[in-house]
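Asker: Can you keep this structure in mind? I'll have questions shortly.
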Amino acid sequence: MSAMSEVTIMPVANLPARAGGLHVVNEWGRGFAQWWLSGLRDAVPARWREWAEGEARPVMTLWRNGDSVTCRLTSAAGPAEIRIPLSRFSVATFERWLTEQGVSREAVTVAPMISRELFFLRELSVPKAAFGALPRILDQDILRRTPFQLPDIWHAATAVGEESDGVVPMCHWIIRRDRAEAALSELGLASRDVDCLAVTDANGEAVPVITFRTVSDEDPAWALRAVRLLAVAALVAVLLGLVVFEWRQASVAAALEAALIEARLSAQSGRDGMDPAARLFAMKADTGVLAVWDELSRILPDHTFLTETRIADGTVTLSGFSADAAGLVRIIDQSPLFSGATLTSAITTDANERKDRFSILFKLRGARAARPAARSRPAP
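Per this note's numbering, residue 14 is the first one in the sequence shown, and the count goes up by one each step.
Right under this line is the structure:
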């Protein structure tokens, strides 16, 4: 007997009665999980998926062989087989044998093989987009097109061919519960002792057709590993982002420090020959741009607004409009920061603004004769 072949199973044969709101929520969550895992599987390249899947879940197929029961375990360690006399065969017996093989019962899929003649088979063509609702579709199909009642049977659908134009050919397996229990009792088992029912295909391989336990509903190994890999990748990305951020900050800080050092050296070289006290006094004596703007905002009347302001080498040039342009010279000269205010051009009346256009030049009190850099800023 060959090892169990891989097929797609749509499990709908849950042992507990499927009723109540809790079941609806459970089915919805299960359908969403299957849809998400299906999308993830389609998005992941085949080679990556094979690498992520790693070792497959061990499977033990068993069948009656005359007066004995043959058990075959297929796992990553290789196949193992044992024949147990029917009179001595029980759940405890094959569990001990599994333990001897280095695996536990909970980690193994137990699939007894029964006759295909016990099943009622129907052929289906199911769109791939309807896989999430397939259990409900099969239930309705049972009630409308077969004489069976859902509490009396177990049923499931398996893919039997390749997808074509988004449609998958499937086989609907239906078996009466009493027939299945009778077949299992011949092996000394009950439905609660196994994970699925299997049959033999044309090549003599075991094919699971009815799933009892939620083995296929659980997240498969490849999905769990893929989620772990995604989590690790996210953690690595976060750590890498922090490292890059710190490196960038350090680079910016180093560049600023280098610029400050260069500026200090430049200022120092430009003021050679001055003692520290004189250099500090000169720096303090300079009138800043902000101080100039504050003083202009304080002394200029409300009917005056500026169109241009130039500050260079201790000299300020103002241009703008005012209702009393001639009086601005006196106002500026009265400021403790400004001196020597003069008109640089004739006062003209602007027809649009209905005010006098002026241009005034004055100096900053205490400013040095030359500045290393000139500042020019248009008025807002």
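Every residue gets a Cβ at the ideal spot worked out from N, C-alpha and C, and that includes glycine.
All figures in this text were calculated on a predicted structure; none of them were measured in a lab.
Quick one: using the 10 Å Cβ neighbour count with 16 as the cut-off for buried, is residue 120 buried or exposed?
Answerer: The sequence position of residue 120 within the sequence shown is 107, counting from 1. Its Cβ having fewer than 16 others within 10 Å, residue 120 is exposed.
Asker: Around the Cβ of residue 377, are there at least 16 other Cβ atoms within 10 angstroms (buried) or fewer (exposed)?
Answerer: Position 364 of the sequence shown, counted from the first residue, corresponds to residue 377. It is buried - the Cβ of residue 377 has at least 16 other Cβ atoms within 10 Å.
Asker: So what does DSSP say about residue 308, is it helix, strand or coil?
Answerer: Residue 308 sits at position 295 when you count from the first residue of the sequence shown. Helix, per DSSP.
Asker: Report yes if the CB atom of residue 334 is closer than 8 angstroms to the CB atom of residue 369, and no otherwise.
Answerer: Here residue 334 is taken as the residue at index 321 of the sequence shown, counted from 1. Here residue 369 is taken as the residue at index 356 of the sequence shown, counted from 1. Yes, the pair counts as a contact, with Cβ atoms nearer than the cut-off.
Asker: Compare the C-alpha of residue 9 against each of 330, 84 and 136 and name the closest.
Answerer: For residue 9 there is no data in the structure shown, the boundaries of the chain being 14 and 393.
Asker: Can you look up residue 328 in the DSSP assignment and give me helix, strand or coil?
Answerer: Indexing the sequence shown from 1 puts residue 328 at position 315. Reduced to three states, the DSSP call for residue 328 is strand.
Asker: Quick one: which unbroken beta strand (DSSP E) runs of 3-plus residues sit fully inside the segment 112-180? Chain order, please.
Answerer: 122-125, 133-140 and 166-172, all fully within the segment 112-180.
Asker: Could you pull out every residue in the same chain whose Cβ sits closer than 8 angstroms to the Cβ of residue 316, ignoring the five residues on either side in sequence?
Answerer: To locate residue 316, count along the sequence shown from 1; it is residue 303. Same-chain partners within the cutoff: 335, 336, 337 and 368.
Asker: Count the other CB atoms within 10 Å of the CB of residue 208; is the residue buried (16 or more) or exposed (fewer)?
Answerer: Translated into positions along the sequence shown, residue 208 becomes position 195. That one is buried.
Asker: How do the segment 139-157 and the segment 189-205 stand: do at least 3 beta-carbon pairs fall below 8 angstroms, yes or no?
Answerer: No, they do not touch.
Asker: Looking at the unbroken beta strand (DSSP E) that takes in residue 345, where does it start and where does it end?
Answerer: Counted from its first residue, the sequence shown places residue 345 at position 332. No beta strand (DSSP E) contains residue 345, which is instead part of the alpha helix (DSSP H) from 338-346.
Asker: Below 8 angstroms, can you find three or more Cβ-Cβ pairs linking the segment 126-138 to the segment 183-201?
Answerer: Yes, the segment 126-138 is in contact with the segment 183-201.
Asker: Could you check the C-alpha separation between residue 374 and residue 301 for me, to the nearest Å?
Answerer: By one-based count along the sequence shown, residue 374 stands at place 361. By one-based count along the sequence shown, residue 301 stands at place 288. Approximately 17 angstroms, taken between the alpha carbons.
Asker: What did DSSP end up calling residue 375 once you bin it into helix, strand or coil?
Answerer: Sequence index remark: in the sequence shown, residue 375 carries index 362 (1-based). Correct three-state label for residue 375: strand.
Asker: State yes or no: is the C-beta of residue 190 within less than 8 angstroms of the C-beta of residue 154?
Answerer: Looking up residue 190 in the sequence shown gives position 177. Looking up residue 154 in the sequence shown gives position 141. No.
Asker: Nearest to residue 100 by alpha carbon, out of 92, 79 and 115?
Answerer: Counting from 1 along the sequence shown, the entry for residue 100 is found at position 87. Measuring from the Cα of residue 100, the nearest candidate turns out to be 79.
Asker: Would you check if the distance between the CB atom of residue 126 and the CB atom of residue 219 is smaller than 8 angstroms?
Answerer: Your numbering for residue 126 matches position 113 in the sequence shown. Your numbering for residue 219 matches position 206 in the sequence shown. Contact: yes.
Asker: Taking its Cβ as the centre, do 16 or more other Cβ atoms sit within 10 Å of residue 341, making it buried, or is it exposed?
Answerer: Taking the sequence shown and counting its residues from 1, one reaches residue 341 at position 328. Under this definition residue 341 is a buried residue.
Asker: Go ahead and label residue 71 buried or exposed: buried means 16 or more other beta carbons lie within 10 angstroms of its beta carbon, across all protein chains shown.
Answerer: Counting from one through the sequence shown, the residue named residue 71 turns up at place 58. Buried, by the Cβ-count rule.
Asker: Could you work out which residue in 366, 358, 76 and 355 is closest to residue 196 when comparing CA atoms only?
Answerer: Counting from 1 along the sequence shown, the entry for residue 196 is found at position 183. If we check each option's Cα against that of residue 196, 76 comes out closest.
Asker: Which word fits residue 116, buried or exposed, when buried means at least 16 other C-beta atoms lie within 10 angstroms of its C-beta?
Answerer: Position 103 of the sequence shown, counting from 1, holds the residue named residue 116. When all chains shown are included, residue 116 counts as buried.
Asker: Do you know offhand how far residue 211's Cα is from residue 199's?
Answerer: Along the sequence shown, one-based indexing puts residue 211 at 198. Along the sequence shown, one-based indexing puts residue 199 at 186. Residue 211 and residue 199: Cα-Cα distance of roughly 15 angstroms.
Asker: Just to confirm my understanding: we take residue 350, look at its own chain, exclude 5 residues before and 5 after, and list those with CB closer than 8 angstroms. What are they?
Answerer: By 1-based counting over the sequence shown, the position of residue 350 is 337. Closer than 8 angstroms at Cβ, skipping near neighbours: 300, 304, 305, 308, 377 and 378.
Asker: Which partner residues does residue 321 have in the DSSP bridge list?
Answerer: Position 308 of the sequence shown, counted from the first residue, corresponds to residue 321. DSSP output for residue 321 lists 332 as bridge partner(s).
Asker: Just reading off the beta strand (DSSP E) that residue 85 is part of, what are its end residues?
Answerer: Against the sequence shown, residue 85 aligns to sequence position 72. Element bounds for residue 85: 81-87.
Asker: Identify the residues that DSSP records as bridge partners of residue 396: which are they?
Answerer: With the chain represented from 14 up to 393, any question about residue 396 goes unanswered, as that position is not in the structure.
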